[in-house]
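2 protein chains.
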Amino acid sequence: MKRACIVSVGNEILSGQTVDTNAAYLSAELLTIGVPVASSYAIRDEIDAIVRGLSLASADADVVLVTGGLGPTDDDLTRQAMAKFLGVELELHNELLEKIQKFFAARGRQMAETNKIQAYIPAGAKALANIGTAPGIMAESEGKLFFALPGVPMEMKRMFEESVLPELERFAGGQAVVVKKLKCFGAGESTIAELLGSMMQRGRNPLINCTVSSGIITLHIIATSEDNEKAKQMAEKDEKLLQNMLGELIYGVSEKSLAEVVGEKLTRQGKTIAVAESCTGGLLAKLLTDIPGSSKYFTFGWITYSNQAKISELGVPADLIQEYGAVSEQVAESMARAARKKAGTDYAVGITGIAGPAGGSEQKPVGLVYIGVDSENGCDTKRCLFSGNRRFIRLRAAQTVLNILRLKLNI
Amino acid sequence: MKRACIVSVGNEILSGQTVDTNAAYLSAELLTIGVPVASSYAIRDEIDAIVRGLSLASADADVVLVTGGLGPTDDDLTRQAMAKFLGVELELHNELLEKIQKFFAARGRQMAETNKIQAYIPAGAKALANIGTAPGIMAESEGKLFFALPGVPMEMKRMFEESVLPELERFAGGQAVVVKKLKCFGAGESTIAELLGSMMQRGRNPLINCTVSSGIITLHIIATSEDNEKAKQMAEKDEKLLQNMLGELIYGVSEKSLAEVVGEKLTRQGKTIAVAESCTGGLLAKLLTDIPGSSKYFTFGWITYSNQAKISELGVPADLIQEYGAVSEQVAESMARAARKKAGTDYAVGITGIAGPAGGSEQKPVGLVYIGVDSENGCDTKRCLFSGNRRFIRLRAAQTVLNILRLKLNI
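So the sequences go chain by chain: A and B. Take -6 as the starting number for the first sequence in this note's numbering and just add one per residue. Take -6 as the starting number for the second sequence in this note's numbering and just add one per residue.
Written out as structure tokens, the structure reads:
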């Protein structure tokens, strides 16, 4: 199996100004095509340091991907270092120079003299197209592949997908790799691992991988075969298997967020939603309106942070708050019902809880959250107890609402 | 000048499951004590790979910091690799074993047999205290310092601050380093660099560094001297200088967010605030209520995403929307005035705009945002035109409101 090494060039990484998300992106992408990353280096903007990095990397791997250092300024030295490492000169490519000049002309600007360096490529290497000004570089040496990509994440990702992936797939031995991603919410990583059992074994093909981020679990199905159609069939077969095993824990595919899935369902069904938030303080509405086009289904929201706001804006009876407390099933239900009535929407959410760090008691600890979801079928309520800090409790409460909505909208 | 190298151990980094924020944190912290990071390596969970990483790192630096691989499972191999690299055996420390047993006992759990390995330290090395179960390791070899820290960011940071920093300050030559951080909003990095001119020169002492994250610029003043009092004076002198040069662009010190500063001012002055949001869809309220204790000053919020909501909940005249459009100075003002009146707060914000990607026109392009801030002194409005994607426009709009509030509350 071929292995890769990533070299991230830039003082901004070594000074902690920039978190190296490029390395994480490339590592995840390379794994999905069956080229695992063996090691990864961050190197300062100095020619000799980069040359040393390239040499260490090529000792460790079959494919070396460098990011950063392709800009037009004096401290962009990847181009020069790559030529030095390969033992060749930099050559001016007139067609690249024209492209860069056109890039500036299209924006009504004059190309600065310093940008000219971006039209130079090590002799024998190939230029890779970029949406920015800096072309990437691909070179082959002693049976190993070297790529230099821009450090700007958007440019890097585009170049990786369009120019590097096809080359790597060929280099990795003509093996077809098909990847499917399933997104889950509602159970922890260990629960999902238990449910999947031997399907997650290391050497299995398709390989099934699990990553977690902010409570969302992503399952990667990575099918490898000499035949593309075969790989596709294998991935689809496992996708169905996982869907049977995990059922409603899976909320969507590829890069979808919970709010996106809820938004799509609302749009497709022509339904609308309103929210009345207390402890989440606007976070739920923010997640819903993060999505372009959300004005089609999201119209009204109330953030009734104080009791007074719950009473005056939503008409929650003062007695109810007095009797059960602002953090109660009754108040969550009352908020949801009032929001739906006032907004005239198909669905409405009421959410009240204790996000902490203060405000908890023995009966009502920090992390206690009541959710009410009202619809024409009546109001369902749910009591949740989240552990973690304020940030975590608020996020998990909002995600739980989105998950309830997603399941309600399945019907 | 002493230099450092960071070695991050863990397959989860090389598979892209985890973004290596530890390396960024350590790099930034090390820079502030005058020990810049020369390079940084991510290494897989294999003894020989870690030994090779340690050897590469020590060739490059005077201080090597390893994170990760100190857990109790089979793939935690940093301890063993460090012993191998140093050419010594691992030794059981009974006092560490007792500590780990107590850690579990305090939680009503039995220590698993596998945790015993965490009480082993390479011969001649020193254990560093941890809030988790895994002690850190400090060793000296051939005039170089080696630290092994846990991979869990919270444990790593605590150990770095409490045990590593004092050692490094001594090792770096008894030089006193005093760091001040100033947070700025309202101008770009290049404008601030221009305003500061030669103060940002590389070799200067105090060194003045600039980092940018989500529109917030942080200036680090790093004063180095043999005498602690002297370093403190130098840093304070520059702090005053910067405050004079940048004036109101500086909104706070150390790690403060804009919302925190606004919250502190509101609390101190006993003032309250309400928000009426359209394009930001709850984001502004979310930022305000992210702060613990925000219920003292934040009480009411409306998310009037549709025209109907603006009319029915805030009483914005339908004529006004008809005549000027929902995205207009007039509507922003009307929203702010209504919110203040209904909520009975000292301040209220109205915000309406076009976050995109759709909904823009030639007269009212995507990125156009009107902000109204009402108070007893009347309503001030501001027209902003932000460029960027939906996420960026919404964030910048909410930050701009917070910045306006911060300046109003200065008086």
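Backbone N, C-alpha and C fix where the C-beta goes; we use that ideal spot for every residue, glycine too. Here the structure is a predicted model, which is why all the values come from computation and not from measurement.
Let me know the secondary structure DSSP gives residue i once reduced to three states.
i	result
Ile215 of chain B	strand
Pro115 of chain B	strand
Ile201 of chain B	strand
Leu402 of chain B	coil
Val172 of chain B	strand
Val28 of chain A	coil
Val394 of chain B	helix
Thr374 of chain A	strand
Glu270 of chain B	strand
Leu70 of chain B	coil
Ile36 of chain B	strand
Ser8 of chain B	coil
Glu106 of chain B	helix
Leu63 of chain A	coil
Ser20 of chain A	helix
Glu84 of chain A	strand
Ala120 of chain A	strand
State the start and end residues of the unbroken beta strand (DSSP E) segment that holds residue i.
i	result
Leu251 of chain A	That residue, Leu251 of chain A, is in no beta strand (DSSP E); its alpha helix (DSSP H) goes 251 to 262.
Glu369 of chain B	Element bounds for Glu369 of chain B: n/a, residue is neither H nor E.
Ile130 of chain A	129 to 134
Ser1 of chain A	-3 to 2
Ile185 of chain A	Segment 182 to 189 is the alpha helix (DSSP H) holding Ile185 of chain A; no beta strand (DSSP E) there.
Phe178 of chain A	From DSSP, Phe178 of chain A is part of no beta strand (DSSP E); its letter is neither H nor E.
Ile43 of chain A	Looking at the DSSP string, Ile43 of chain A is not in any beta strand (DSSP E); the run it does join, the alpha helix (DSSP H), is 40 to 53.
Phe140 of chain A	137 to 142
Leu161 of chain A	Unbroken run through Leu161 of chain A is the alpha helix (DSSP H), 158 to 164; no beta strand (DSSP E).
Taking only the alpha-carbon atoms, compute the straight-line gap between residue i and residue j and give it to the nearest angstrom.
i	j	result
Lys174 of chain A	Val12 of chain B	19 Å
Phe140 of chain B	Leu161 of chain B	10 Å
Glu106 of chain B	Ala118 of chain B	23 Å
Met75 of chain B	Arg151 of chain B	21 Å
Asp69 of chain A	Leu83 of chain A	14 Å
Leu392 of chain B	Leu388 of chain A	Going by the sequence as given, residue 392 of chain B is Gln instead of Leu. Rounded to whole angstroms, Gln392 of chain B to Leu388 of chain A spans 20 Å at the Cα level.
Ala405 of chain B	Pro128 of chain B	Within the shown structure, residues of chain B are numbered from -6 to 404, placing residue 405 of chain B beyond reach of any answer.
Glu253 of chain A	Phe178 of chain A	14 Å
Arg409 of chain A	Lys264 of chain A	Examination of residue 409 of chain A is not possible in this model, given that chain A is present from -6 through 404 alone.
Val0 of chain A	Asp53 of chain A	12 Å
Gln73 of chain B	Ile6 of chain B	20 Å
Phe293 of chain B	Ala267 of chain B	5 Å
Tyr34 of chain B	Val359 of chain A	40 Å
Pro29 of chain B	Leu23 of chain B	6 Å
Leu47 of chain A	Lys233 of chain B	45 Å
Met131 of chain B	Asn87 of chain B	18 Å
Ala302 of chain A	Thr338 of chain B	12 Å
Ala215 of chain A	Leu239 of chain A	This sequence places Ile at residue 215 of chain A; Ala is not what is there. Going from the Cα of Ile215 of chain A to the Cα of Leu239 of chain A covers about 18 Å.
Leu58 of chain A	Ala(-3) of chain A	7 Å
Ala319 of chain B	Pro310 of chain B	11 Å
Leu188 of chain B	Gly256 of chain B	29 Å
Ala341 of chain B	Glu133 of chain B	59 Å
Phe164 of chain A	Ile114 of chain A	22 Å
By the DSSP assignment, the alpha helix (DSSP H) with residue i in it spans what residues?
i	result
Leu277 of chain B	276 to 282
Lys92 of chain A	87 to 99
Entirely enclosed beta strand (DSSP E) segments - the region 285 to 323 of chain B, minimum 3 residues | 291 to 297
Residues, ordered as in the chain, of the region 289 to 300 of chain A that lie near chain B by beta-carbon distance below 8 Å = Phe291, Thr292, Phe293, Gly294, Trp295, Ile296, Thr297, Tyr298, Ser299
Any residues in the region 350 to 381 of chain B with a beta carbon nearer than 9 Å to a beta carbon of chain A? Which ones, in chain order?
-> Pro350, Ala351, Gly352
May I have a chain-ordered list of the alpha helix (DSSP H) segments no shorter than 4 residues that lie completely inside the region 219 to 246 of chain A?
-> 221 to 239
Please name the residues in the region 54 to 76 of chain B whose beta-carbon is closer than 7 Å to at least one beta-carbon of chain A, in chain order.
-> none
Runs of beta strand (DSSP E) wholly within the region 319 to 364 of chain B (minimum 3 residues, chain order) = 340 to 346
For the region 263 to 276 of chain B, which residues have a beta carbon sitting closer than 7 Å to at least one beta carbon of chain A?
-> Gly274, Gly275, Leu276
Using a Cβ cut-off of 9 Å, which residues of the region 303 to 332 of chain A contact any Cβ in chain B, in chain order?
-> Ser305, Glu306
Which of the residues in the region 202 to 225 of chain A, read from start to end, lie with their CB under 7 Å from any CB of chain B?
-> Thr204
Near-chain A residues of the region 10 to 24 of chain B (beta-carbon distance less than 9 Å), N- to C-terminal order = Gln10, Thr11, Val12, Asp13, Thr14, Ala16, Ala17, Tyr18, Leu19, Ser20, Ala21, Glu22, Leu23, Leu24
Between the region 31 to 54 of chain A and chain B, which residues of the former have CB atoms less than 8 Å from a CB of the latter, in chain order?
-> Ala31, Ser32, Ser33, Tyr34, Ala35, Ile36, Arg37, Ala42, Gly46, Leu49
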